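Here our numbering = 1-based position in the sequence shown + 60. Quick notes on the structure that follows.
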Amino acid sequence: MVISRLAAPSLAALACLTMLACGSSTRESLDGAGDAAGDAVADTLDAVSDIPEVGPDSPDADATTDLAPLPDAASDLDAAPDTASPPELPPTPPPDDPCAAGAPALERRVRVPLGETLFFDHDDYLHFWTTELSCDPVLAAHPDGASAALSPDSRRLTPDRAGEWRVQVGAETLVITVDAAPPGADSFLNFNYTPVAPLALDPDGTLWVANPPSNAIQRVTVGPDAATPGALVPTGSWPTALAVWPGTDLLLVSQTGRDSLGFVDRAAGTLVDAIPVGNEPAGIALDLDAPGGPVAWVVLGGEDAVARVDLTTRTVTARLPVGREPRAAVLDAKARRLYVASLISSNAHPSGLLQKTPVPEADQRDIAVIDVDAAVVTGHIPAVGTILRGLLLMPGPPARLLVALSESRNDKPSIAAGSRPHEHALALVDLEPGSPTEGRVIERIDLDTQPSSTGPAASPFSMALTADGQHLVVSLSAGRALLFLDPVTFAETGRVAVGADPRGLVLTEGRAWTTPWLDDAVVGVPLPPAEATPASLVSVQIGRDPTPDDVRAGQRMFNDAAFSANGDFSCNNCHIDGLTDGLVWNILLDGDVNTLAFRNVGGTGPFLWGGILPTLFDFSREVLRLVGADATGVEMELLTTYMQSVTAPPNPFTLPGGRLTEAATRGRALFEGDVDAGGAGCTACHSGPLFTNRERVPGKTEGFNTDVPSLLGAYDTGPWGRHGQWPTLEAMVEFAAGFTESTLTPAELADLTEYVRQLPADLLYLTSARPLDGARSVWNQSPIELVFSAVLEEGQGSRLHLLSEAGEPVPGVWEISGRRARFVSTAGELPLSTAFVITVDAGLRAILGERLSSPIEIRFATGALPAFEVVGRWRWNITGAVSGVMDVAFIQAKGGRLSGVVLDGGGLVDADHLEGVLVGDTMIIEPFLVSSPFGEVLVNDVVAQLVDADEDGRAESGSGKVNTALVKLNVTMTALEDQSR
């Protein structure tokens, strides 16, 4: 099925509730906004009482259908309070074939963005057609100036002009409104797809750049001393890789959010066609010498596969399995071999310290080797590295392949800041036929520690050789730089900072061009690198990124190794693109645990496998222990906001519109059924909108409690289990069914697995909240905002409530804009030191009818305002009956909430972390344990008065009492260093 993962639908869609109408005489336009749209809906529903609304939904296939990125719409829509209850909409009629004899004459309306292709069989935009069409669509009308036509097989249409298009399908007329407006921040949905090969060079010297969140690519004219951006070319959802097709005017685009391969007319600057290729297309390798004509090999990251596309017929002619989460591919045209690298590759010790014997090399599938003429996988190159990002064929003879990689050292105990858990390197693979080391790594270059290195080289990504063969250029994705190496000795010859997360490399006009995509920029570095100075760089802004500023700031931190103590790894090294590296690590407070994915993490607390951290802010505090303590509370809040934003994309296993298959429908009944009634009893734990009751329950591992995980998007988060013990979803579900003591048959287990695989299907759910649920000492001026998985209908403000702890409504209104619901107080700031609860009624609807299945409740409390900041490292000198020195690092929220990591307990404190609050100039720390000659003693609290002697807004010292049930101890506190940034 073709699904749509759009970066940002918009409020204009709220004025375009798509409809069916019987004949043109009863059709009403829904293109207006506000009351006009509501009147049109009412008029249409009066005329056609049993006709459903249809059309594109938000970019979340977790919802009923998908909506294109549209503008943030008229400001008058945003300004009006949403208080009226929405009208009930009619039920969807049974599926039918518009081509069948006797089919009713209906008109359907959909709205799509310019740059999108409609696939008339199995498309989320057209989810109302539930079977393949038995007749050919006919293009009946198009806007003036349009030249696009139906594909030769009449099964797809790529509109090339904004405006209204009409397609006749049997008895039905499909009216397509094509919108050229850009995406908007309020409707942005972060599927977190990241660039793979975002740069391509036109034969005329033009540089093409992919900007995934913008749903567009851009032409950039580059010269020796300048770069000029051209117009954006809308290219569908989340473009991540580009390839110029030599000898033609076409540029190929991996439309990762749309599961398709796009064809762009470079001269016209227009997407002219696209074809479905498979789940999450990534890297593209062109084979112009294929026996049957030109071929594109398209890596399918979501399928662990690669597809062969016949470029003449524009059809997929083969699909081959490769390693896990592949991204990069390179073709050796002379040897007729394709090499496909797994981003999440094999590892000799995936279970970390629990792994008793290494994984045999025969079972490692790091790089797949494909005979492109026979279209068969001939073998795999093993033992290359854990995370493989880039591939480059080196000049020969001898034939060699260079791989940019990171090696995860999860076999070390107690991973923490300074322990170097990731080693960044290049691996040289022997490809010479007949060589005794053919298909093996023959040299490994440690970019971090080789004698010529100037420091950690975090996350090497793209690679390129200069035309004269004198310089090898490597982009450091987490290192914010281009690295220059001698291509023979691989010694470092230069390093130039270029910006956040540089990916892609093109060498032309005497410069190395890259895109630091988290800065929405293209940067050119002079060649040779000795001539590069900050002033000599050329930089230009590109794209029209709808990512909210706080989300983007948090993502920069997440992907940046500078956030770590030694600058040698980022959060993205383990939680790759918000997912998982599939490894067990001995870190933080959980011991040996499988890496957790961050998709849909908002609202699923408590956190960590043991559920011992109540909020994401608390989790971000633990990041300090892992990567270092040099971070502020504001930075932690930004990191938390980004982590909450990462959302599961449309589920590739459902039917169009997120509808469950027959097997999954049977599985849902088992999932919800009681064990005594023959069901699986899953909802005892996996209940609510996020499929978790957010409780800690005893697991099968003796002595461990386990946080009940959400099941949204579970299909893509393996291996499963605290120790990664279940390699397949089937194994995990079978274990879970045994845990509830259900007695399901193998067929029922298969159905239950299919339901879990297809979650969240067509449900509406909360993706993030500010304040966080359970947050304390919240700043009383903090924004109050909820973000949902799909664009919401207007007029539902009455379904959301902000109440005092006593249940009294707080004066104000809820305003709905896209996917966001914001509370606007009419009584000024919230009172200090007061508890509140946000509630959302079940039945909240998205624009195509996705509904919230059960109510939501979010509790928080404001604090008393702090007098200053205490962020950073502190030394506590404790004296009295028990004495000792301990070092603590604090982060601080605006409301005064403190969260601290014990860096050195000095043999005194057993706690890993401290919680507290700053009220005025008084620090109050909550209970924790200390060691004493009499055993462990509970500290009831620590109360200290702090001093900001130089009045710079940051306390430098303080003193107070450590209060226990037995004695009172004295404590003096000293700030060790200034942590401001």
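Glycine is no exception: its CB is placed at the ideal position from the N, C-alpha and C atoms. All of these numbers come straight from a predicted model, not from anything done at the bench.
Kindly give me the distance between the Cβ atoms of residue i and residue j, rounded to whole angstroms, as I take these residues to be in contact under 8 Å.
i, j, result
"V533", "F544", "6 Å"
"V582", "A572", "Going by Cβ atoms, the distance from V582 to A572 rounds to 11 Å, so no, they are not a contact pair."
"R659", "G638", "6 Å"
"A538", "N619", "6 Å"
Can the beta-carbon of residue i be found less than 9 Å from the beta-carbon of residue j?
i, j, result
"L398", "P455", "no"
"L824", "S913", "yes"
"G739", "A723", "no"
"P520", "A464", "yes"
"D333", "S211", "yes"
"V847", "A881", "yes"
"L989", "A971", "yes"
"D239", "L331", "no"
"S193", "V229", "One point to set straight first is that residue 193 is Leu, not Ser, in the sequence displayed. Cβ atoms of L193 and V229: closer than 9 Å."
"P891", "N840", "yes"
"L199", "W225", "yes"
"G784", "S411", "yes"
Assign residue i to buried or exposed, taking buried as 16 or more other Cβ atoms, counted over all protein chains shown, within 10 Å of its Cβ.
i, result
"T446", "buried"
"P1058", "Past the edges of the chain, shown from 61 to 1041, lies residue 1058, and the structure says nothing about it."
"P299", "buried"
"T295", "buried"
"T438", "exposed"
"E697", "buried"
"V280", "buried"
"P129", "Residue confidence for P129 is low, a pLDDT of 32 falling below 50, so the modelled location carries little weight and cannot support an answer."
"P119", "Since pLDDT at P119 reaches only 32, below the 50 mark, its modelled position is unreliable, and the value read off the structure follows with that caveat. So P119 counts as buried."
"E340", "buried"
"D364", "buried"
"T104", "Note that T104 scores 29 on pLDDT, short of 50, meaning its location in the model is unreliable; the coordinates nonetheless yield the value given after this. Counting Cβ neighbours within 10 Å, T104 comes out buried, since at least 16 surround it."
"E910", "buried"
"V170", "buried"
"T574", "buried"
"L1026", "exposed"
"E385", "buried"
The beta strand (DSSP E) spanning residue i covers which residue range?
i, result
"V958", "Residue identity differs from the one stated: residue 958 is Leu in this sequence, not Val. Unbroken beta strand (DSSP E) run through L958: R957 to D964."
"P806", "First-last for P806: P806 to Q818, but that is the alpha helix (DSSP H), not the beta strand (DSSP E)."
"Q228", "G223 to V229"
"Q278", "A276 to V282"
"T725", "No beta strand (DSSP E) holds T725; the alpha helix (DSSP H) holding it covers E722 to E732."
"T701", "Per DSSP, T701 belongs to no beta strand (DSSP E); it is in the alpha helix (DSSP H), G693 to S705."
"E845", "E845 to F848"
"R919", "I916 to T922"
"D609", "First-last for D609: D609 to F618, but that is the alpha helix (DSSP H), not the beta strand (DSSP E)."
"R334", "In the sequence under discussion, the amino acid at residue 334 is Ala, which differs from the Arg named in the question. A334 -> beta strand (DSSP E) spans T330 to P336."
"K1028", "K1028 to A1035"
"T574", "R571 to P576"
"A165", "Neither: A165 is in no beta strand (DSSP E) and is coded neither H nor E."
"S194", "Segment: none, S194 is in no beta strand (DSSP E) and carries neither H nor E."
"S214", "From DSSP, S214 is part of no beta strand (DSSP E); its letter is neither H nor E."
"N1023", "S1017 to T1024"
"W786", "Unbroken run through W786: none, as it is neither H nor E."
"R397", "R397 to S402"
Take residue i as the anchor and find which of the options has the nearest alpha-carbon.
i, options, result
"D183", "S320, P212, E591 and G205", "S320"
"L360", "D349, P381 and G352", "P381"
"R719", "L819, L486, D628 and E929", "L819"
"T308", "T237, D264, A342 and A276", "D264"
"I502", "L486, G515 and S513", "L486"
"V556", "T514, G564, R374 and D528", "T514"
"R374", "T509, A1035, G322 and A350", "G322"
"E569", "G1013, D262 and E996", "D262"
"I951", "S877, D181, R817 and L699", "L699"
"D1042", "Q601, L978, V945 and V313", "Lying outside 61 to 1041, the shown extent of the chain, residue 1042 is not represented and no answer is given."
"N711", "L772, H531 and T982", "L772"
I need the boundaries of the alpha helix (DSSP H) containing residue i, first residue and last residue.
i, result
"S537", "Element bounds for S537: n/a, residue is neither H nor E."
"F751", "F751 -> no alpha helix (DSSP H), and no H or E assigned at all."
"G798", "L789 to F799"
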